[in-house]
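Chemist: Those sequence lines, one after another, are chains A and B.
The opening residue of the first sequence carries number 3 in my numbering; numbering runs sequentially from there.
The opening residue of the second sequence carries number 17 in my numbering; numbering runs sequentially from there.
Each residue gets a CB set at the ideal place from its N, CA and C atoms; glycine is no exception.
No experiment lies behind these values; they were computed from the predicted model shown.
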Amino acid sequence: EAQVTQNPRYLITVTGKKLTVTCSQNMNHEYMSWYRQDPGLGLRQIYYSMNVEVTDKGDVPEGYKVSRKEKRNFPLILESPSPNQTSLYFCASSRDTSGNTIYFGEGSWLTVV
Amino acid sequence: SQQGEEDPQALSIQEGENATMNCSYKTSINNLQWYRQNSGRGLVHLILIRSNEREKHSGRLRVTLDTSKKSSSLLITASRAADTASYFCATDPIQGAQKLVFGQGTRLTINP
Chain A
3 EAQVTQNPRY LITVTGKKLT VTCSQNMNHE YMSWYRQDPG LGLRQIYYSM
53 NVEVTDKGDV PEGYKVSRKE KRNFPLILES PSPNQTSLYF CASSRDTSGN
103 TIYFGEGSWL TVV
Chain B
17 SQQGEEDPQA LSIQEGENAT MNCSYKTSIN NLQWYRQNSG RGLVHLILIR
67 SNEREKHSGR LRVTLDTSKK SSSLLITASR AADTASYFCA TDPIQGAQKL
117 VFGQGTRLTI NP
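#1: Evaluate contact between the segment 24-32 of chain B and the segment 54-65 of chain B, counting only Cβ atoms and requiring at least three cross-stretch pairs below 8 Å.
#2: Looking at chain B, is there any beta carbon in it that lies within less than 8 Å of the beta carbon of Phe122(A)?
#3: How would you list, in chain order, the residues of chain A whose beta-carbon sits under 9 Å from the beta-carbon of Gly119(B)?
#4: Start and end of the beta strand (DSSP E) containing Lys72(B)?
#5: Mind the definition here: the segment 66-75 of chain A touches the segment 38-57 of chain A only if three or more C-beta pairs lie below 8 Å; say whether that holds.
#6: So Gly107(A) packs on Thr7(A), CB below 8 Å; how close in whole Å?
#7: Quick check: the Cα distance between Gln87(A) and Cys93(A), rounded to an integer number of angstroms?
#8: Using a cut-off of 9 Å between C-beta atoms, extract the partners of Arg104(A) located in chain B.
#9: In chain B, which residues lie with their C-beta within 9 Å of the C-beta of Glu72(A)?
#10: Quick one: grab the DSSP three-state call for Asp58(A).
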């Protein structure tokens, strides 16, 4: 079954404590991205990756890092989380960017206190 | 500002009625997609319409695209309670970064 799997699904953490949200897809997709969803702001892209070792900033990259060492994995790293990073995060992948369907993970609810 | 803007922001109708949601965008696009999101869950792709297409159907869904007006509509016919969700349009701009740009969504509630 085609899947984008992200973990953890729910996390409460404290300001400044580094955390990583993992994302893995089993469809051999080249393109992967991270979004955050906030009330009234819709989905905003944080980072994206066109392929292994190729990453680029989206609309709201501040406070986040990513890596793409393998095609299937695209972790999102918060080096020093702050309360304004409390949000619902989605990982997504697609075969490429030529108008293909994007597959989304189930989301990770992150609360930073 | 967001490329795609949905209208209305919220829509509440009775089961069996048709639901129409609109999306407007600002720049030229390769294609436009509609997604559905159940509360707190991931988005699910519904339908894609390319810039050279004017109308597309999929089951109870009908999507239109008017590139001259830079707008699209999603029609759900014979609505069911299970259609209750948020619906997002996403545009694939011709120019700019390689990404879809999402609107803020329409929250659709189907009352039994």
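Modeler: This is what the structure holds:
#1: no
#2: Given a span of 3 to 115 for chain A in the structure shown, any question on residue 122(A) remains unanswerable.
#3: As a first step, residue 119(B) is located in the second sequence; it is residue number 103 there, counting from the start. Within chain A, the residues near Gly119(B) are Gly44, Leu45.
#4: Translated into the one-based positions of the second sequence, residue 72(B) becomes position 56. It spans 71-74 - the beta strand (DSSP E) in which Lys72(B) sits, taken as one unbroken run.
#5: Here the segment 66-75 of chain A lies against the segment 38-57 of chain A, with 3 or more beta-carbon pairs under 8 Å apart.
#6: As a first step, residue 107(A) must be located in the first sequence, where it is residue number 105. As a first step, residue 7(A) must be located in the first sequence, where it is residue number 5. Going by Cβ atoms, the distance from Gly107(A) to Thr7(A) rounds to 6 Å, so yes, they are a contact pair.
#7: Taking the first residue of the first sequence as 1, we reach residue 87(A) at position 85. Taking the first residue of the first sequence as 1, we reach residue 93(A) at position 91. Distance between the alpha carbons of Gln87(A) and Cys93(A): 15 Å.
#8: Here the question's residue 104(A) lines up with position 102 in the first sequence. Reading the sequence as shown, one finds Ile at residue 104(A) and not Arg. Within 9 Å Cβ-Cβ: Gln49, Tyr51, Leu59, His61, Ala106, Leu116.
#9: In the first sequence, residue 72(A) corresponds to position 70, counting from 1. Residues of chain B passing the Cβ test: none, with the nearest at roughly 20 Å.
#10: In the first sequence, counting from the first residue as 1, residue 58(A) sits at position 56. Three-state DSSP puts Asp58(A) in a strand.
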